[in-house]
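Peer 1:
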Amino acid sequence: MNRQIRQLAAGLMLCYMLLFVALNYWQVGRQEEMNARFDNTRAVRREFDQPRGPIVTADGVVIADSVAVPPGGDFAFQRRYPTGELFAHVSGYYTFAFGATQLERTQNDVLTGETGEQQLRNLPNLITGADDSGSVRLTMRADLQEVARQALGPREGSIVLMSPRTGAVLAMWSYPSYDPNLVVSPDFDQAQAVLTFAQNDPRDPLLANSYQQRYMPGSTFKVLTTAIALTNGVTSPARVYEDVAEFVPPQTTDPIENYEGTVCGGDLLEVFTRSCNIPFAQMGLELGVDRMAAGVAAWGVGEPVPIDLPRPAASTFGDTSALDQALPLLAIRGFGQNDVQMVPLHMAMVASTIANGGQMMTPYVVDATLAHSGDVLATTTPTVWKTPITPAVSATIASMMENVAAEGTASCCIGLNGGVPVAAKTGTAQLNGPGQPERSHAWIVAYAPANDPQFAVAVMLEGTDAEISASTGGRLAGPIAKTMLDAALGLT
Amino acid sequence: MVSPAPIARARRSTELSLVVMAGTITAGAYTLASLGEFAAIPARIIPFLALLLGLLVLAHCAVRLFARGADPTLLPLAAILHGLGYVMITRLDEELAGLQTTWSILAIAAFVVTLVVVQRATDLGRYRWILLASGLGLLVLPLVPGVGVEVNGARIWVSLGPINFQPGEFAKLALAVFFAAYLAERRELLATGTWKVGFLRLPEPRHLLPIVAAWGISVLVMVGLNDLGSSLLFFTLFVVMLWVATERLWYLLVGGVLFAGAAWASFRMFSKVQTRVDRWLDPWADPQDTGYQILQGLYGLTDGGLTGTGLGLGSPSTVPYSESDFIFTSLGEELGLFGGAAFLISYLLLIGAGLRIALRTDNTFEKLLATGLTTIVGVQAFIIVGGVTRLVPLTGITLPFVSYGGSSLLSNYIILALLIRLSDASARRRHELPDDPTPGERWQAWRLRRRGAPA
């Protein structure tokens, strides 16, 4: 029997050696692969038990931070958003159950201290386990963001204020927003209810309308049409357009009218200042499909707006593949109707381009990332995204936009305090078809001071009710743009 | 009264120092787990230390008094497994921790009682038929309406008033004793083939019958209870004991073939078995449902890596039954490969000590009983650790001494007490210490003397 017992011992020992091999296989051999599995929440859980740095605005307001919670809860820290809905579309939220969005997602490595540089810096503290969480400093200013919120009020729309020379975004607000504090609530059921409610809201408060949504731009698009026409020599400041109320484009008998059927014409400055439609329809037709398509592409239309936030929308000129068989549509698109859709942030960049001598800067909200010590890890260097026009064309359009502000469609409401010179272009994008109740988006793009541009702004009010339908962009959006520029320039 | 025996004294002092080490490691782990989870020294550290020390000293004194020649490593090995398991349970679930404390006290009590009651291991053999009957009775008990309770698809629980227990845990013990006794008596008859069936030479049917019956019934009942892990354990236990007793490899091979057949049949018959095998082969086919437990367990192990997350710092509670069947992944997550390997080595040492007892004694019954009891612990730990590491298909069974559960803890401490008793007996047989009469024998002798000498 002893022989069998020894064999049994050997057999069991073999079995346990297999267990040891299996243990090695999982705990050492397959570690990386297993940790990358999507249903493996352990790394995320651990992250939730680590300190996470704050997100701070340029004027020092904390928009996201973490506080330690008493031991015994699910996690050691609770994320807070002290400014509530104000920066929700920029900070996003950071949750265990629903993932992370916006900067909480894209800047995760910095905030948790997991970038290579942070790890390297923290090497001496490896044993003590010192807090190595980083922080993110924004280009945005909380005071201007608050001004934007107050100016827009409970109206659906977006406001983007940026620096034309750098692309730095100073305010970017869209209503409706949401309170990320509710989404990161430790009460899972409540958080889920809030998210479900927001997702079912047709106004889509979770979506940052300022850079994740696009709208018909109306007459503000004439800036692009004019720029493309000037660049291609299709128009010039000397060109005079006939005084007409109607224009019949090719391939149709349906005439194109000016706004409210008025008679409108004159030289380029006059038709731009009065925002006649017909001259811009003619510019579109004279350019033709190919030159128009190439022209808008030079402005970045068709590409996602290159902001340092996730999932930005792309502006669009609409489908151009069969447009030469539908020239009336090309004509209408010349003044920003039909299938043309622009992202509000992109329109602010268009105004910035004129203000910046023809160079379109890459927009950004992250000014710098900082280590826990406060040392700067990285700063954002302004870069040129597109150069769609020459300085000469830019100067021509700039003078026309100044005229719009001084005596054109924006003259009612854009006059800045202290008489600081300003440039603007309004837009009213008609959403209703013939015979339907009137409904329009109200737009304005502007920059100031016109002689030394510091700030550019785009304001868009969604055409949701009759108030907006009855107005041109100037009257509704103009005062908001004025408020923003006044505040940014410190004018009282 | 007690005869001097230097070797016994040496063994007991070795045991005491090892037990103190096991206690120190447990107390340290208890403090670390609390520091990891709550960043504070545990609030109940004083009562915990008192209870830990009290139980360890009590168990040690029981061995010192009633089995002083026994192997000194058995109790410390059980203590370290039990202690670290307990720490993991307290770290996972406060409520279960309280219950496990009660179970721990009861288990040590059962350990002491077993040592006191079973003073001569060979006496157990006398009760083989009673043990067979009670073993089978215990197995069938969960099937009795009104008494049996089904939990998670397995009908292995019995609820008698306030007491809930898993009779299967005790049935395996009773059956191991029966088999040891029966085989010790008839091993020669079973080893010689006198009954010709075709070209095979089998033992006489009447010798084979009780074994086949006990085996068949227990396996059938286990399949009826839907408890595959225990069924596998029984199968292995019987086959191993038959093989060791008869010295015929034939039994092991036939047992293996029969097992393969039974496994194939249950695979074809029960969807639960099919699911288990499917998830063993590919747990990612259904990561949120049937594959969830094993995957989360594996994620825990991989997350632990070489050194583990540290006690109280992992998230083992994402695994269902992280405190019982899956406690090994909880430990592997927080203590790492090093900790997991320490557990495997502890079991190997326990197996080694158990089989050494079997080798050292020349009493056939004691040999077989030591083999059987060691096989239960060794194979049971292998089945569940192999299951959670995807070495073998997963079958729910507790990790001896470590998992949460009163029945499991109690039966394992009884096994431990019996092994210590067998170890002590073998030492006496080898004249390593004088074979003093037990208190029971002294009492009988005293009675005989009184009757024999009336004058």
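Chains as they are written, first to last, in this note's numbering: chain A, 12 to 503; chain B, 4 to 458.
Here a beta-carbon is modelled for each residue, glycine too, at the ideal position from N, C-alpha and C.
1) Whole angstroms are fine: how far does the CA of M353/A sit from the CA of T246/A?
2) Would you check if the distance between the CB atom of K233/A and the CB atom of F328/A is smaller than 9 Å?
3) Does chain B have any CB closer than 9 Å to the CB of Q42/A?
4) In terms of residues, what are the limits of the alpha helix (DSSP H) holding H452/A?
5) According to DSSP, simplified to helix, strand and coil, what is P315/A?
6) D278/A lies in the beta strand (DSSP E); which residues open and close that run?
7) Give every residue of the same chain whose Cβ lies closer than 7 Å to the Cβ of D335/A, excluding the five residues on either side of it in the sequence, and list them in chain order.
8) Starting from the Cα of L502/A, find the closest Cα among V431/A, G164/A, P448/A and give me that residue.
9) Where does M471/A fall in DSSP's three states?
10) Taking all protein chains shown into account, do 16 or more other C-beta atoms lie within 10 angstroms of the C-beta of G173/A, making it buried, or fewer, making it exposed?
11) With burial defined as no fewer than 16 other Cβ atoms inside 10 Å of the residue's Cβ, what is the status of M4/B: buried or exposed?
12) If I measure Cβ to Cβ from D278/A and keep anything under 8 Å in the same chain, skipping five residues before and after, which residues do I get?
13) Can you give me the C-alpha to C-alpha distance between T305/B and S333/B, rounded to a whole angstrom?
14) Can you grab the Cα-Cα spacing for the pair L87/B / F69/B, in whole Å?
15) Mind checking P165/A: buried by the 16 CB within 10 Å criterion, or exposed?
16) Taking a Cβ distance cut-off of 7 Å, strictly less, list which residues of the region 168 to 199 of chain B are near chain A, in chain order.
17) If V276/B sits next to Q299/B, beta carbons under 8 Å apart, how far is it from one beta carbon to the other, in whole angstroms?
18) Where A79/A and D60/A are concerned, what is the direct C-alpha to C-alpha distance, given to the nearest angstrom?
19) If distances are taken between C-alpha atoms only, which option among L127/B, F173/B, G128/B, G409/B comes closest to L141/B?
20) Quick check on the DSSP output: what are the complete alpha helix (DSSP H) runs of length 4 or more inside the region 111 to 139 of chain B, in order along the chain?
21) What does the alpha-carbon distance come out to for the pair H85/B and S188/A?
22) Cβ of L241/A within 9 Å of Cβ of I66/A?
23) Alpha carbon to alpha carbon, how far is G345/A from V307/A?
24) With DSSP run on the structure shown, which of helix, strand or coil describes R454/B?
25) Using a Cβ cut-off of 8 Å, pull out every chain A residue sitting near T239/B, in sequence order please.
26) Going by beta-carbon coordinates alone, are Y27/A and F385/B separated by less than 9 Å?
27) Do the CB positions of Q224/A and P339/A come within less than 9 Å of each other?
28) Chain A partners of F385/B, CB-CB under 9 Å?
29) Taking C-beta pairs closer than 9 Å, name the residues in chain B that A33/A reaches, listed in chain order.
30) Using the C-alpha atoms, what's the distance from A219/A back to T331/A?
31) Once the 5 residues before and after D190/A are set aside, which same chain residues still bring their CB inside 6 Å of it?
32) In terms of alpha-carbon separation, which member of T68/A, V171/A, T394/A, I170/A lies closest to D154/A?
33) Looking only at C-alpha atoms, which of A430/B, L223/B, L422/B sits nearest to L473/B?
34) Assess contact between the region 415 to 435 of chain A and the region 448 to 468 of chain A, defined as three or more Cβ pairs (one per stretch) separated by less than 8 Å. Is contact present?
35) Between P290/B and chain A, is there a C-beta pair that is closer than 9 Å?
36) Going along the chain, which unbroken runs of the beta strand (DSSP E) with 3 or more residues stay wholly within the region 348 to 425 of chain A?
Peer 2: Inspection of the coordinates gives the following:
1) Counting from 1 along the first sequence, the entry for residue 246/A is found at position 235. Counting from 1 along the first sequence, the entry for residue 353/A is found at position 342. The straight-line gap from Cα to Cα measures roughly 24 Å.
2) To locate residue 233/A, count along the first sequence from 1; it is residue 222. To locate residue 328/A, count along the first sequence from 1; it is residue 317. No, the pair does not count as a contact, with Cβ atoms beyond the cut-off.
3) Locating residue 42/A in the first sequence gives position 31, where the first residue counts as 1. Chain B, which has a Cβ nearer than 9 Å to the Cβ of Q42/A, makes this yes.
4) For the purposes of this step, residue 452/A is taken as the residue at position 441 of the first sequence. Careful: H452/A lies outside any alpha helix (DSSP H), inside the beta strand (DSSP E) at 451 to 459.
5) By one-based count along the first sequence, residue 315/A stands at place 304. Looking at P315/A - three-state DSSP - the assignment turns out to be strand.
6) To locate residue 278/A, count along the first sequence from 1; it is residue 267. Run containing D278/A: 275 to 278, per the beta strand (DSSP E) assignment.
7) As a working note, residue 335/A is residue 324 in the first sequence. So the list reads V300, once near-sequence residues are dropped.
8) By 1-based counting over the first sequence, the position of residue 502/A is 491. Out of V431/A, G164/A, P448/A, V431/A has the C-alpha closest to the C-alpha of L502/A.
9) Along the first sequence, read from residue 1 onward, the residue named residue 471/A stands at position 460. DSSP places M471/A in strand when its eight states are reduced to three.
10) Taking the first sequence and counting its residues from 1, one reaches residue 173/A at position 162. Reading the sequence as shown, one finds Met at residue 173/A and not Gly. Counting Cβ neighbours within 10 Å, M173/A comes out buried, since at least 16 surround it.
11) On the second sequence, residue 4/B is found 1 positions in, with the first residue counted as 1. Because the pLDDT of M4/B is 48, which lies under 50, any placement of that residue in the model is unreliable, and the question is left without a value.
12) Numbered from 1 along the first sequence, position 267 holds the residue referred to as residue 278/A. Excluding positions up to five away in sequence, the list reads P248, A249, R250, V251, Y252.
13) By 1-based counting over the second sequence, the position of residue 305/B is 302. By 1-based counting over the second sequence, the position of residue 333/B is 330. So the alpha carbons of these two residues sit roughly 11 Å apart.
14) As a position in the second sequence, residue 87/B is number 84, starting the count at 1. As a position in the second sequence, residue 69/B is number 66, starting the count at 1. Roughly 27 Å between the two C-alpha positions.
15) Translated into positions along the first sequence, residue 165/A becomes position 154. By the 10 Å Cβ count, P165/A comes out exposed.
16) none
17) Locating residue 276/B in the second sequence gives position 273, where the first residue counts as 1. Locating residue 299/B in the second sequence gives position 296, where the first residue counts as 1. Going by Cβ atoms, the distance from V276/B to Q299/B rounds to 22 Å, so no, they are not a contact pair.
18) Against the first sequence, residue 79/A aligns to sequence position 68. Against the first sequence, residue 60/A aligns to sequence position 49. Spanning the two alpha carbons is a distance of roughly 9 Å.
19) In the second sequence, the residue the question calls residue 141/B occupies position 138. That would be F173/B, whose Cα lies nearest to the Cα of L141/B.
20) 124 to 129
21) Numbered from 1 along the second sequence, position 82 holds the residue referred to as residue 85/B. Numbered from 1 along the first sequence, position 177 holds the residue referred to as residue 188/A. The alpha-carbon atoms of H85/B and S188/A are separated by roughly 55 Å.
22) Counted from its first residue, the first sequence places residue 241/A at position 230. Counted from its first residue, the first sequence places residue 66/A at position 55. Not closer than 9 Å, so no.
23) To locate residue 345/A, count along the first sequence from 1; it is residue 334. To locate residue 307/A, count along the first sequence from 1; it is residue 296. So the two alpha carbons sit approximately 11 Å from each other.
24) As a working mapping, residue 454/B is identified with position 451 in the second sequence. In this structure, R454/B counts as helix in the three-state DSSP scheme.
25) Here residue 239/B refers to the residue found at position 236 of the second sequence. Neighbours of T239/B on chain A: none; closest Cβ ~10 Å, over 8 Å.
26) As a working mapping, residue 27/A is identified with position 16 in the first sequence. As a working mapping, residue 385/B is identified with position 382 in the second sequence. For Y27/A and F385/B, yes; Cβs fall inside 9 Å.
27) As a position in the first sequence, residue 224/A is number 213, starting the count at 1. As a position in the first sequence, residue 339/A is number 328, starting the count at 1. Not a contact, by the Cβ cut-off of 9 Å.
28) The residue you call residue 385/B lines up with position 382 of the second sequence. Residues of chain A passing the Cβ test: L23, C26, Y27, L29, L30.
29) Taking the first sequence and counting its residues from 1, the one referred to as residue 33/A is at position 22. Here the neighbours are V388, G389, T392, R393, L394.
30) On the first sequence, residue 331/A is found 320 positions in, with the first residue counted as 1. On the first sequence, residue 219/A is found 208 positions in, with the first residue counted as 1. Each residue's alpha carbon lies about 28 Å from the other.
31) Mapped onto the first sequence, residue 190/A falls at position 179. So the list reads G95, E96, once near-sequence residues are dropped.
32) Within the first sequence, the letter at position 143 stands for residue 154/A. Ranking T68/A, V171/A, T394/A, I170/A by Cα distance to D154/A puts T68/A first.
33) With chain B covering only 4 through 458, there is no way to say anything about residue 473/B.
34) yes
35) Residue mapping note: residue 290/B aligns to position 287 of the second sequence, counting from 1. At least one chain A Cβ lies under 9 Å of P290/B.
36) 377 to 381, 387 to 390, 395 to 397
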